Structures are given as structure tokens and as C-alpha cells.
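Residue numbers (our numbering): 537 to 838.
No residue lacks a Cβ here, since even glycine has one placed at the ideal position from N, Cα and C.
Predicted, not measured: the structure shown is a model, and the values here were computed from it.
Working notes, beginning with the structure itself.
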């Protein structure tokens, strides 16, 4: 067994059991994502299980470029989904290959989940991970001035909050413009809907918000005023209806602000397919994101 394979095995075998997944398509998605991420770790250099906090779940994995280059590299940090109550960074590692090939760094981020941590605390974790990356990027060949943030489903919601809510960044001592682009996939943007008697999953969201949580504070669509950060929004054509609806509403809200907005409905794809395809360099969403990363201004390494 070579060193990379051993690192991948240890990273995955350290995982505690995850809660049962509720949607019938979710277990298959998770199993395939874990295997593909294991393969991605075994095939390229990584720095695994780096802690940005004291809790078990406050960790991240960095997927590194194969060869050292003279330029400090752009960074895509990505948060997993799981309805704010499930999932792990190992679900997202399969996305690394088309990113590191640019070259760039890919960072998969875990965070605390409900019921142990309400969504506000999860957003704080996202900001704390962002701060760790900003402060430590140079040690791994990354450029702290070219950090991009994204996530799938709940992770896309949290990435959007960290991008749009200045209070989360200020609490971590981060620059206002630390996020150079935000790429949420199949994300919810208005958690006020959880107060309605709509689908059962929205009732679960209300539980994740917590008894003392504020759905207004946790709704990215209500924090877009004055936004200048570029966004690439995506959702599947066959996504959950409220996700597609909120994606369109978020695109409209962002387009009324100064920042650039790109929105794409991914033809024929479900909520889970929209994420699963992201490891393909030719996938429509991946091509858009790679272009953003490649087009970011370069910082030279002395």
C-alpha cells in the first residue's frame, strides 16, 4: 500500500457512523460519493483532517496540485450537503480532480450538524473554516487573495451565508472581500418557508434552525443588499420544486445588486445528480467554475 492510499484509508475509516438518510436517492448518492472521493484521495497528494476547531467535525481536507508551480494557486473550498443534519467532507472529495488539474487547490469542509449544532452555529463553522484557509493557504501553495466558496444543498446555503453576512466574516477577523466568488448548487436561500406546513423536509429545517434560531438571519436571499461578490447559481431541472423556485428568486435578487451573477438550470438532473456530476471536467457547472478559478488574478510567489 502506498502512502497516498494509506492516508485515504485512514481518513475514511476514522468516520463515525452517519445518521440514516431520509430521501430514497440519498444513500446511493452518498455511497458513490464516498467511493469516488476515496479514489480521488488515493490518486493525488493531500493534506487530510486539518482542524479549524475543537469539535470532531470541524475539519477540512486539502487536495493539492500534483506539481509545485511558481504562482500561488486559487482555492475552491466546498461544503457538503445533508439537510444540515448529515454528511461529511468525504462526500465532496470526488470534485477535486478537475479543480486541481487547473492547477488550483480544492478544500472539502466538514462542519457540525443538527441537532448538536443549529444552523447559525454551522454558519459560524463555515466562517471559521474560511478564516483557517485564509490564514494557512500559503503553507499549501494557495493564494489567500483568491479564495472561492461553494457547497451543495445545505452546504450551498451555508456558503452563501458566509459570503453575504458580513457579521460572520468580521467575527473571524476576515477581509470584507475574502470570498472572490460563491458557487452554491441546489441550495435553499429562504428558510422562512420552514415556518409553513409545506413538505416534511421543511419541518426538519425548522428543527435545524432551532428554537431560538432566526429564519430571517439564516436566509441568504435577505442579505443580498449591496453584494459585489460574483455568484454562480445552479440547480437541477428535476430538483426539489422549492429549490428550483428559490434558485430563480435568488438569481433575480442578486441581479438587482452590483455583483456579477450566472445562473444555470442543469438539464434533466435531480438534486443529487447536480452534485454527482461535478467531478466531470466537461460538466456544464464544472466548466463555469473552472473558468472563474482560471480567470482570477494571479499572485506571484517570490
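What is the DSSP secondary structure of residue i, counted as helix, strand or coil?
i, result
"residue 681", "strand"
"residue 585", "strand"
"residue 655", "helix"
"residue 598", "strand"
"residue 799", "strand"
"residue 669", "helix"
"residue 604", "coil"
"residue 570", "helix"
"residue 579", "coil"
"residue 565", "helix"
"residue 676", "helix"
"residue 739", "helix"
"residue 558", "coil"
"residue 661", "helix"
"residue 591", "coil"
"residue 549", "helix"
Could you tell me which of the options sits nearest to residue i, measuring between CA atoms?
i, options, result
"residue 712", "702, 663, 807", "702"
"residue 572", "595, 632, 558", "632"
"residue 775", "688, 598, 661", "688"
"residue 696", "652, 804, 663", "663"
"residue 752", "618, 822, 682, 728", "728"
"residue 624", "548, 827, 746", "548"
"residue 817", "744, 617, 634, 722", "634"
"residue 786", "551, 642, 769", "769"
"residue 823", "765, 690, 745, 719", "719"
"residue 675", "744, 748, 661, 607", "607"
"residue 602", "636, 591, 574", "636"
"residue 630", "605, 661, 598", "598"
"residue 794", "819, 765, 771, 827", "765"
"residue 600", "710, 673, 792, 809", "673"
Roughly how many angstroms lie between the CA atoms of residue i and residue j, to the nearest whole one?
i, j, result
"residue 647", "residue 657", "9 Å"
"residue 526", "residue 807", "Residue 526 cannot be examined here, being either before or after the span of the chain that is shown, 537 to 838."
"residue 553", "residue 583", "23 Å"
"residue 611", "residue 742", "33 Å"
"residue 652", "residue 581", "33 Å"
"residue 821", "residue 790", "19 Å"
"residue 782", "residue 758", "12 Å"
"residue 814", "residue 725", "21 Å"
"residue 564", "residue 557", "10 Å"
"residue 853", "residue 767", "As shown, the chain starts at 537 and ends at 838. That puts residue 853 outside it, with no answer to give."
"residue 578", "residue 748", "43 Å"
"residue 796", "residue 750", "28 Å"
"residue 661", "residue 722", "20 Å"
"residue 550", "residue 788", "42 Å"
"residue 569", "residue 626", "8 Å"
"residue 745", "residue 690", "12 Å"
"residue 819", "residue 827", "12 Å"
"residue 825", "residue 800", "12 Å"
Are the beta-carbon atoms belonging to residue i and residue j less than 8 Å from one another?
i, j, result
"residue 576", "residue 621", "no"
"residue 761", "residue 638", "no"
"residue 596", "residue 644", "yes"
"residue 773", "residue 802", "yes"
"residue 694", "residue 715", "no"
"residue 707", "residue 666", "no"
"residue 683", "residue 613", "yes"
"residue 609", "residue 678", "yes"
"residue 755", "residue 617", "no"
"residue 588", "residue 670", "no"
"residue 704", "residue 659", "yes"
"residue 740", "residue 619", "yes"
"residue 700", "residue 763", "yes"
Exercise. Which runs of the alpha helix (DSSP H) spanning at least 4 residues fall entirely within the segment 681 to 728, listed in chain order?
Worked result: For the segment 681 to 728, whole alpha helix (DSSP H) runs of length 4 or above, ordered along the chain, are 690 to 700, 702 to 706.
For this session: Starting from the N-terminal side, write out each stretch of the beta strand (DSSP E) that is 3 residues or longer and does not extend beyond the segment 606 to 650.
Result: At a cut-off of 3 residues, the continuous stretches assigned as beta strand (DSSP E) that sit fully inside the segment 606 to 650 are 607 to 615, 641 to 645.
For this session: Mind listing, in chain order, the continuous alpha helix (DSSP H) runs of no fewer than 4 residues lying wholly within the segment 749 to 836?
Result: 777 to 791, 807 to 812, 820 to 831
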